[in-house]
DNA sequence: ACGTCTACCGTTTTT
DNA sequence: CGGTAGACGT
């Protein structure tokens with residue numbers, strides 16, 4: 001076969017990575033260096049020249065988006081279907097494994113997937129049954145604890161509490177929660193991974209089967225793998241397996257969620273002939289932007305080391321804008337975007353990035369005012385919306401009566417006269433009999449154990465679900481859904497709500513039926529259409545609803561910007577305590593993760609980057625005088641320019657960075673100083689000269705103060 | 001069973 | 001300051 005198209009257009013390092021014949025290959029791929037390209041081309045190379053069967057290849061990603069993209073690109077490069085390859089997310093592949101071997105994994109064939117929201121509900125219920133006060137023991141915390149344990153491969157029996165009440169209590173919750181999941185046939189996200197790991201660990205036959213099958217394992221975004229994912233990969237990749245991992249330690253921004261960058265070093269250690277290839281040529285950004293990114297990330301200690309470069313021109317300097325406050329910050333961005341659009345550029349080519357979602361509000365206001373269309377990423381995904389989940393809960397219950405989570409959700413939705421105390425009776429009965437809620441409900445109806453009205457309502461509910469299944473299940477998916485929406489009166493209930501929300505809800509319900517119509521069962525071989533659809537709904541929660549067709553400005557957090565690129569990028573709120581965030585400033589490793597986030601943000605920009613900060617910001621109703629983010633100060637002065645024209649209130653932040661431009665009084669704006677009485681603060685402003693010289697300092701202890709330099713004993717620190 | 005009030009809380013979120 | 005979850009009152 002002619003391999004030209006596979007190697008064409010690749011640079012030296014990329015080509016080396018694609019054709020490497022090492023058993024273990026580590027590709028350290030900088031931002032915009034073509035890592036997906038390498039992965040896709042390597043798969044094609046293995047098939048076309050090494051005669052590896054597609055059947056023997058597994059490629060793992062973190063997001064559905066990435067796995068779809070990989071699959072499509074492999075198919076178009078090879079010119080044939082990639083369906084015999086296992087390409088998917090960690091969760092998707094784990095799910096596939098568990099479905100194929102449900103019995104071995106000790107799961108019912110009908111098991112359903114809990115998303116985080118469902119999981120929290122189950123945990124709440126379990127904790128209530130344990131009589132744990134939810135002020136003292138927040139369910140969120142228990143959820144976090146359970147998932148953390150699972151991410152580390154731990155079951156309740158593996159947890160040492162050493163008398164620690166926090167750990168021992170949460171371990172009990174974990175245990176009870178597992179029991180609840182087992183009776184309901186429910187599996188949460190972390191459980192998918194852990195169960196899939198245990199399945200292979202404890203079943204030699206299966207393990208060997210898959211180890212023999214997969215001759216090549218490729219993993220994307222390896223810096224984001226957690227403990228259990230790493231362990232799972234190790235299990236599958238036996239000695240004969242080639243393993244390629246691609247990642248960037250500088251873009252690891254999910255440590256707070258269990259991702260372990262150390263896994264990269266660990267890989268290097270544990271896979272003996274591992275070869276490391278660095279992709280450092282960047283095809284995205286200007287020289288200036290890359291230099292800034294390199295300079296910022298160079299301040300991190302824990303790095304494998306990498307320096308991005310480009311053939312591209314230097315481009316424009318990075319613009320800094322010191323806004324008076326967050327409104328003015330938003331106003332400035334809106335004005336710049338309007339200019340940009342007027343020059344014939346698309347709105348969709350520019351992005352506004354921020355550290356936390358709360359910042360989006362003000363920005364939205366000003367875009368709205370200027371009538372600039374925008375789209376905010378984040379928020380509820382399609383399959384996470386209440387009306388959609390209600391419908392799905394009915395379907396889940398129809399197909400799996402054991403599903404207690406679904407039962408709880410819809411037993412009184414829409415309201416049918418089953419109040420808190422009636423439902424509590426059902427729960428109690430289930431507890432006593434060690435049965436599911438569904439079984440308990442039937443028993444209660446048979447015994448007429450509730451008031452006549454409530455008994456009738458409960459019986460009506462049971463009939464509704466039973467009948468729904470009997471009548472609908474032979475029909476096509478979308479009809480089943482349509483009929484469910486109608487027969488349960490969900491549509492009616494939401495139609496009664498008022499306002500724009502109700503309209504959106506009705507649209508979403510209609511959309512759900514059409515999503516089912518377009519649903520491709522092929523992606524889930526061997527599953528019944530409904531089971532496949534329900535799994536799909538949990539595993540791929542879908543896009544955040546917005547008109548993607550319209551040309552609009554993209555607004556999102558820095559986290560969700562990873563992997564994307566835009567010609568024009570604004571990063572708002574470049575302020576200490578906001579970015580780096582207050583909660584991540586104390587510990588060195590957290591601060592380094594913030595810095596990586598800054599690195600991710602900067603490297604999103606292709607042509608032009610604006611960094612903004614406000615001198616005054618209202619935060620939770622309180623006025624604050626933040627200091628300029630250290631990440632701005634870490635960018636060399638020659639790469640940036642201050643765009644504020646009127647600098648009566650403030651001087652350029654980097655005025656003092658070269659000796660000649662030292663602030664008149666020996667202090668620079670943004671500099672930290674110490675005062676004998678007020679402690680540490682940051683210089684906000686200064687005015688006057690000689691004996692009249694005054695500086696405005698924002699002290700951590702007492703806030704902003706003007707001080708006469710001649711009297712105040714300020715020390716630089 | 002529904003609507004109103006209040007107390008609380010307030011990074012980031014691939015699945 | 002603003003959103004929301006749960007309590008409380010009708």
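In full-length UniProt numbering, the protein residues as written are 1 to 717.
Don't be surprised by glycine CBs; every beta carbon is placed ideally from N, CA and C.
Taking each of 236, 392, 222 in turn and checking the Cα distance to residue 263, the smallest one comes out for 222. Separation of the CB atoms of residue 505 and residue 497 is rounded to 7 Å, and the pair is thereby assigned contact status at 8 Å.
DSSP places residue 343 outside both helix and strand once states are collapsed to three, so it counts as coil. Restricting attention to 219, 632, 252, 454, the CA atom closest to the CA of residue 93 is found in 219. Between residue 425 and residue 450 a beta carbon distance of about 6 Å is seen, short of the 8 Å cut, so the two are scored as contacting.
Across the set 282, 401, 677, 419, the C-alpha of 401 shows the shortest separation from the C-alpha of residue 463. Residue environment for residue 555: buried (at least 16 other C-beta atoms within 10 angstroms of its C-beta).
In the assembly as shown, residue 363 is a buried residue. Its beta-carbon has 16 or more other beta-carbons within 10 Å. Sequence-distant Cβ neighbours of residue 280 in its own chain, meaning closer than 8 Å and more than five residues away, are 13, 30, 33, 306, 307, 308, 309. With a threshold of 16 other beta carbon atoms within 10 Å, residue 301 falls short and is exposed.
Excluding sequence positions up to five before and after residue 290, its CB lies within less than 7 Å of the CB of 282, 308, 309, 310, all in the same chain and listed in chain order. With respect to the C-alpha of residue 170, the residue from 181, 139, 193, 196 having the closest C-alpha is 139.
In the DSSP assignment, residue 706 forms a beta bridge with 696. Residue state for residue 138 is assigned as coil, using DSSP reduced to three classes. Beta-bridge analysis with DSSP links residue 253 to no other residue.
Taking 7 Å as the cut-off, the Cβ atoms of residue 603 and residue 358 do not count as close. Residue ranges of uninterrupted beta strand (DSSP E) with 3 or more members, entirely inside the segment 232-317 and ordered along the chain, are 242-247, 275-279. When only Cα atoms are considered, residue 483 and residue 216 end up about 45 Å apart.
For residue 567, the enclosing beta strand (DSSP E) starts and ends at 566-571. Sixteen is the threshold: when 16 or more other Cβ atoms of the shown chains lie within 10 Å of the Cβ of residue 226, as they do, the residue is buried. Scanning the segment 616-646 for uninterrupted alpha helix (DSSP H) segments of 4 residues or longer gives 630-633, listed from N- to C-terminal end. Excluding residues up to 5 positions away in sequence, 81, 82 lie with their Cβ nearer than 7 Å to the Cβ of residue 75 in the same chain. In the DSSP assignment, residue 350 falls within the unbroken beta strand (DSSP E) covering 350-354.
Taking C-beta separations shorter than 8 Å and ignoring five residues to either side along the sequence, the partners of residue 241 in its chain run 23, 211, 214, 215, 216, 217, following chain order.
With a contact defined as Cβ atoms closer than 8 Å, residue 28 and residue 247 qualify at about 7 Å.
Rounded to the nearest angstrom, the gap between the Cα atoms of residue 493 and residue 472 is 21 Å. Taking 8 Å as the upper bound for CB-CB distance, residue 509 and residue 593 are not in contact here, some 40 Å apart. Ranked by Cα distance from residue 584, the options 710, 678, 356 are led by 356. Residue pairing of residue 374 in beta bridges, as defined by DSSP: 553. Here residue 553 is actually not in contact with residue 236; their C-beta atoms are around 43 Å apart, not less than 8 Å.
Looking at the DSSP output, residue 217 shares a beta bridge with 58, 243. Taking the C-beta atoms as reference points, residue 558 is found nearer than 7 Å to residue 597. By the Cβ criterion, the segment 265-280 is not in contact with the segment 53-60, since fewer than three pairs of Cβ atoms, one from each stretch, lie closer than 8 Å.
Listed as beta-bridge partners of residue 112 by DSSP are 186.
Closest by C-alpha distance to residue 57, out of 243, 286, 626, is 243. Every alpha helix (DSSP H) stretch that sits fully inside the segment 9-40 and reaches 4 residues is listed by chain position as 12-19.
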